[in-house]
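Novice:
In the UniProt record's numbering, the protein residues as written are 1 to 138.
#1: Beta-carbon within less than 8 Å of residue 67's beta-carbon, same chain only, minus the 5 sequence neighbours each way: which residues are those?
#2: May I have the straight-line CA-CA distance separating residue 44 from residue 56, to the nearest angstrom?
#3: Which residues in the same chain as residue 82 place their Cβ atom closer than 6 Å to its Cβ, once the five residues preceding and following it in sequence are excluded?
#4: DSSP puts residue 99 in a beta bridge; with which residues?
#5: What residue range does the alpha helix (DSSP H) around residue 63 cover?
#6: Could you check if residue 123 is buried or exposed, using at least 16 other CB atoms within 10 Å of its CB as the buried criterion?
#7: Take residue 86 as the anchor and find which of 79, 18 and 97 has the nearest alpha-carbon.
#8: Thinking C-alpha only, which one of 127, 129 and 117 is nearest residue 35?
#9: Looking only at its chain, what residues have a beta carbon closer than 7 Å to the beta carbon of residue 71, apart from the 5 residues adjacent to it on each side?
#10: Residue 49 and residue 115 - do their beta-carbons sit closer together than 9 Å?
In structure tokens:
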């Protein structure tokens, strides 16, 4: 879809720090992470919400979420992760995406209040992406 930011990232027209690239799913760092390493997983096909997700893409998308949730623990020494999907409300880009956020006890995240942070610069974001990508491929 021409006006979709995530479709543009998938097409390579908009730069992103890619951490996962499969035939069905692309994963990249969120530019406004809750915590550094916050990853978005999107189906390559433009699908607006979870309700429209075809059954045949459920396993690739949520399998990727499971893999990234495991990898953030190793990559970032996180104790766990927060995995979420917004449908329409609070969905800033109308392309289905799964958030995988590294978590550590006492990190300050409370309920559904999502404070945002920033990477110091593009080099720091690139390092986070490389660390997670390397963990996923090992």
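C-beta: ideal position from N, C-alpha, C; glycine also.
Specialist: With the given structure in hand:
#1: Locating residue 67 in the chain shown gives position 67, where the first residue counts as 1. Hits under 8 Å: 20 and 136.
#2: Here residue 44 corresponds to residue number 44 of the chain shown, with the count starting at 1. Here residue 56 corresponds to residue number 56 of the chain shown, with the count starting at 1. In this model, residue 44 and residue 56 are separated by some 13 Å (Cα to Cα).
#3: For the purposes of this step, residue 82 is identified with residue 82 of the chain shown, where counting begins at 1. Answer for residue 82: 101 and 103, listed in chain order.
#4: As a position in the chain shown, residue 99 is number 99, starting the count at 1. Under DSSP, the beta-bridge partners assigned to residue 99 are 40 and 84.
#5: Stepping through the chain shown from its first residue, residue 63 is reached at position 63. Run containing residue 63: 55 to 76, per the alpha helix (DSSP H) assignment.
#6: Residue 123 sits at position 123 when you count from the first residue of the chain shown. Around the Cβ of residue 123, a 10 Å sphere holds fewer than 16 other Cβ atoms; the residue is exposed.
#7: By 1-based counting over the chain shown, the position of residue 86 is 86. Distance check between residue 86 and each of 79, 18 and 97 places 97 closest, using alpha-carbon atoms only.
#8: Within the chain shown, the letter at position 35 stands for residue 35. That would be 117, whose Cα lies nearest to the Cα of residue 35.
#9: Translated into the one-based positions of the chain shown, residue 71 becomes position 71. Residues of the same chain with a CB within less than 7 Å of the CB of residue 71, apart from the 5 flanking positions on each side, are 132, 135 and 136 in chain order.
#10: If you number the chain shown from 1, residue 115 lands on position 115. If you number the chain shown from 1, residue 49 lands on position 49. Not in contact: residue 115 and residue 49 (Cβ atoms no closer than 9 Å).
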